[in-house]
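Line by line, the protein sequences give chains A, B and C.
Okay, so the first sequence: first residue is 6 according to our numbering, each after it adds one.
Okay, so the second sequence: first residue is 14 according to our numbering, each after it adds one.
Okay, so the third sequence: first residue is 13 according to our numbering, each after it adds one.
Using N, Cα and C, we set each Cβ at its ideal position, and we do this for glycine too.
Predicted, not measured: the structure shown is a model, and the values here were computed from it.
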Amino acid sequence: YRHSSQYRMWSFTPEQLAQKRVEINARAATVLETRVRSFLEQNPDLGSDEVAAITEKAVPVTADEEVLLVNYFARMLLTFATKMNLPTEVAATAVTFFRRFYLNNSVMDIVPKEIFYTTLFFACKSENFFIGIDSFAKKTKSKNEDVLKYEFRLLESLQFTLMNHHPFKALHGFFLDIQNILQGKVDLNYMGQVYTNCKKTIMEAILTDVVYFYSPPQITLAALLKEDEALAMRYLDLKFANEDSPGVLHLETLRTVIVACKDTMSANAVPSKEQATRTVAKIHFGQNPLSV
Amino acid sequence: DLQKRYVLSETAYHDPFINDLQNKREFIASGFRADFVYDRMLTEAFM
Amino acid sequence: EYTKEKRVGEGTYAVVYLGTKQSNNRKIAIKEIKTSGFKDGLDMSAIREVKYLQEMNHVNVIELVDVFMAQNNLNLVLEFLPADLEMIIKDQSILFTPADIKSWLLMTLRGVHHCHRNFILHRDLKPNNLLLGPDGQLKLADFGLARNLGSPQDLLTSNVVTRWYRAPELLFGARHYTGAIDMWSVGVIFAELMLRIPYLPGKDDVDQIDVTFRALGTPTDKDWPEISTFSAYNKIQFYPPPSRDELRKRFIAATENALYLMSGMLSLNPHKRWDSIKALTSQYFVELPEPTTPEELP
Chain A
6 YRHSSQYRMW SFTPEQLAQK RVEINARAAT VLETRVRSFL EQNPDLGSDE VAAITEKAVP
66 VTADEEVLLV NYFARMLLTF ATKMNLPTEV AATAVTFFRR FYLNNSVMDI VPKEIFYTTL
126 FFACKSENFF IGIDSFAKKT KSKNEDVLKY EFRLLESLQF TLMNHHPFKA LHGFFLDIQN
186 ILQGKVDLNY MGQVYTNCKK TIMEAILTDV VYFYSPPQIT LAALLKEDEA LAMRYLDLKF
246 ANEDSPGVLH LETLRTVIVA CKDTMSANAV PSKEQATRTV AKIHFGQNPL SV
Chain B
14 DLQKRYVLSE TAYHDPFIND LQNKREFIAS GFRADFVYDR MLTEAFM
Chain C
13 EYTKEKRVGE GTYAVVYLGT KQSNNRKIAI KEIKTSGFKD GLDMSAIREV KYLQEMNHVN
73 VIELVDVFMA QNNLNLVLEF LPADLEMIIK DQSILFTPAD IKSWLLMTLR GVHHCHRNFI
133 LHRDLKPNNL LLGPDGQLKL ADFGLARNLG SPQDLLTSNV VTRWYRAPEL LFGARHYTGA
193 IDMWSVGVIF AELMLRIPYL PGKDDVDQID VTFRALGTPT DKDWPEISTF SAYNKIQFYP
253 PPSRDELRKR FIAATENALY LMSGMLSLNP HKRWDSIKAL TSQYFVELPE PTTPEELP
């Protein structure tokens, strides 16, 4: 995993991630403010009330507003992918690509709507679930050129790293290993239910920042912990408590990590439609002072 | 990685999904191997 | 940072240039991905090359040095590898020994093992995709057909691997195959290194099945369960498997262990075919002669 591009390029501490977003937002805000200022200079005949309105409304969105808007559209992307019956891994990759895109771009550069279908189309290609552009455009009621316009920009913003390790395979792996470690002590039908619920929890987790802070197996164990703490703890105790090879893995450390991961997953604020609509309008005014 | 942290024991696994696949004729003829799938999933879990 | 000095090749989706990395004067190859004229946007082969080479870092897999955009073209900067195994095999003026063959096979298997332990299938192994560096190191290249082993129920296309190196399950249209298809290709390459001519040169896909079974025998349901489910199976000619003696006569220079390894990699039933670990740990690599050190290879 440490060799993977996911770890090398897309792992951050919460501080690094916040810093990245603030920088991207600041850079785009400066561009926007400069543009509004030059707009006002080029239109000296505007009335004072118009200038006041523009000064008040044609302003940059904040970094927090950006994150909420990106998460709102990411959730929409997931819903859309599910409606298109795309495989879980493809949907997860589309969401991952979409959220990573906005770690190198601001919503004021490219509004989420513009990159929405491009991300989905590109995720299908990247995950060997190829859909030709014509049928994709038809299914999504979009235009070929709109879908393809930002494909290069997306690939570049992803820093040319496309391989994703989503926690779903890890979930399958733990599902197997739990049977081996807790042999005979676990009800298989119940395990099936746990598996299904964990899958949903993991899909929710992919919409949050835990994917940048934790490894896929840790996210999986956190989902398991959320689903059935007793089962998770019993498994980990039996599996790692008597870990004889020193330094291989400290159970206490692992426990702390997955509890923290579980808390971060649960803390995720789901953005409201109203909030998103307001932010989109704000971006629109910022990009089009005349419309104000 | 010599410390695999898991023991692949096919007999211990009750996996209706994989069992179903590995008994399909076109899967058998293609060379589908359940142990390859198990190894892949366990690797992703313990990476 | 990079210059494009000489155009050395053109493929369906890319033009290849030789160049230099300015900061350290390193010779590099630049694969400039054509973007115009692809209706569906960025070509799948380019996406695959980028996706899989980014994840691998191994002496026997070509290094992706960098990726960049220029004039709306995608450029893959790869390590410069002036030769390939096909050139060596074809050039009769180059004599090579069993120790040389062992060395090339060892490096090929190490590269394949690294792909497979990353759950990546190459799906186009053949001598001209095994490139040779100035230091003699052999490297797997051209990952334009690669794919990672996805979910177990995935349907994979059987239309992969250049015909002469295509495994029997692919010739029959299998869609749930494994890394065994890469091992088959390595087995055929091994045979070709020993014979110095292509081992199974089919004229077309149907002939390829016939050439394969004429050389190795036609499998039955007994030795390859469910093979008869393949629709193409009922139209094929039956040939007996070659005896050990016939194989020995065909591969005069091969030791018993060499034949054993080759037969393992060319097992018709993919379930029984040797994987890269079994091949790498076979007796062939511990018996004399030792593999030639890469620097001394032709």
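The Cβ atoms of alanine 63/A and aspartate 114/A do not sit closer than 7 Å to each other. Separation of glycine 145/C and asparagine 72/C (C-alpha to C-alpha, rounded to the nearest whole angstrom) is 10 Å. From the beta-carbon of arginine 53/B, the residues of chain C found nearer than 7 Å are Phe131, Leu161. Nearest Cα to valine 66/A within the set His289/A, Asp151/A, Phe135/A: His289/A.
Along the stretch 154–170 of chain A, going in chain order, the ones with a CB nearer than 8 Å to a CB of chain C are Glu156, Phe157, Leu160, Glu161, Phe165, Thr166, Leu167, Met168.
Shown here for methionine 270/A: same chain residues with a beta carbon closer than 8 Å to its own, the five before and five after excluded, namely Thr206, Glu209, Ala210, Thr213, Val215, Ile224, Ala227, Ala228, Lys231 in chain order. Using a Cβ-Cβ distance cut-off of 8 Å, the stretch 117–129 of chain A and the stretch 159–172 of chain A are in contact, since at least three pairs of beta carbons, one from each stretch, lie closer than that value.
Taking one beta carbon from each stretch, the stretch 168–179 of chain A and the stretch 87–107 of chain C have fewer than 3 pairs nearer than 8 Å; the two do not touch.
For glutamate 94/A, the closest C-alpha among the options Leu157/C, Val28/C, Leu161/C is that of Leu161/C. Residues of the stretch 240–253 of chain C that bring their beta carbon within less than 7 Å of a beta carbon in chain B comprise Thr241, Phe242, in sequence order. The beta carbon of glutamate 61/C sits closer than 7 Å to those of Leu88, Phe155, Gly156, all from its chain and outside the five residues before and after it, given in chain order. Think of a sphere of 8 Å around the beta carbon of serine 16/A: no beta carbon from chain C falls inside it, the nearest being about 15 Å out.
Using a Cβ distance threshold of 7 Å, asparagine 149/A and isoleucine 138/A count as a contacting pair. For proline 222/A, at least one C-beta of chain B is nearer than 7 Å to its own C-beta. For the set Arg38/B, Ile31/B, Glu39/B, the Cα lying nearest the Cα of methionine 54/B is the one of Ile31/B.
Taking a Cβ-Cβ cut-off of 9 Å, the neighbours of arginine 46/B in chain C comprise Thr190, Ala192, Pro282, His283, given in sequence order. In chain order, Met54 make up the part of chain B whose C-beta sits under 7 Å from the C-beta of histidine 177/A.
Exposure of tyrosine 195/A is indicated by the presence of fewer than 16 other C-beta atoms within 10 angstroms of its C-beta. Counting the other Cβ atoms within 10 Å of the Cβ of lysine 102/C gives fewer than 16, which makes it exposed. Against chain A, the CB of glutamate 57/B has a partner CB under 7 Å away; the residue lies at that interface. In this structure, serine 288/C places its C-beta atom within 7 Å of the C-beta atom of valine 124/C.
Spatial neighbours of arginine 18/B in its own chain (CB-CB distance under 7 Å, excluding positions within 5 residues in sequence) are listed in chain order as Phe59.
In this model, glutamate 13/C and valine 173/C are separated by some 35 Å (Cα to Cα). With a 10 Å radius around the Cβ and a threshold of 16 neighbouring Cβ atoms, histidine 170/A comes out buried. Rounded to whole angstroms, the separation of the alpha carbons of arginine 26/A and lysine 244/A is 39 Å. Distance check between leucine 228/C and each of Ser279/C, Ile45/C, Arg187/C places Ser279/C closest, using alpha-carbon atoms only.
Annotated three-state conformation of glycine 178/A is helix, per DSSP.
At a cut-off of 7 Å between beta carbons, isoleucine 59/C contacts chain A. Annotated three-state conformation of leucine 90/C is strand, per DSSP.
Under a criterion of Cβ atoms nearer than 8 Å, the residues of chain B adjacent to threonine 225/A are, in order, Ala58. Not flagged as an interface residue toward chain C: leucine 21/B, since no C-beta distance is shorter than 7 Å. Assigned with DSSP and collapsed to three states, glutamate 44/C falls in strand.
By the beta-carbon neighbour count (other beta carbons within 10 angstroms, threshold 16), arginine 159/C is buried. In this structure the stretch 97–113 of chain A does not touch the stretch 26–37 of chain C; the number of beta carbon pairs closer than 8 Å is below three. With a cutoff of 7 Å on beta-carbon distance, phenylalanine 141/A and phenylalanine 165/A are scored as not near each other. When the alpha-carbon of asparagine 133/A is set against those of Ile59/C, Trp286/C, Thr24/C, Asn246/C, the nearest one is in Ile59/C.
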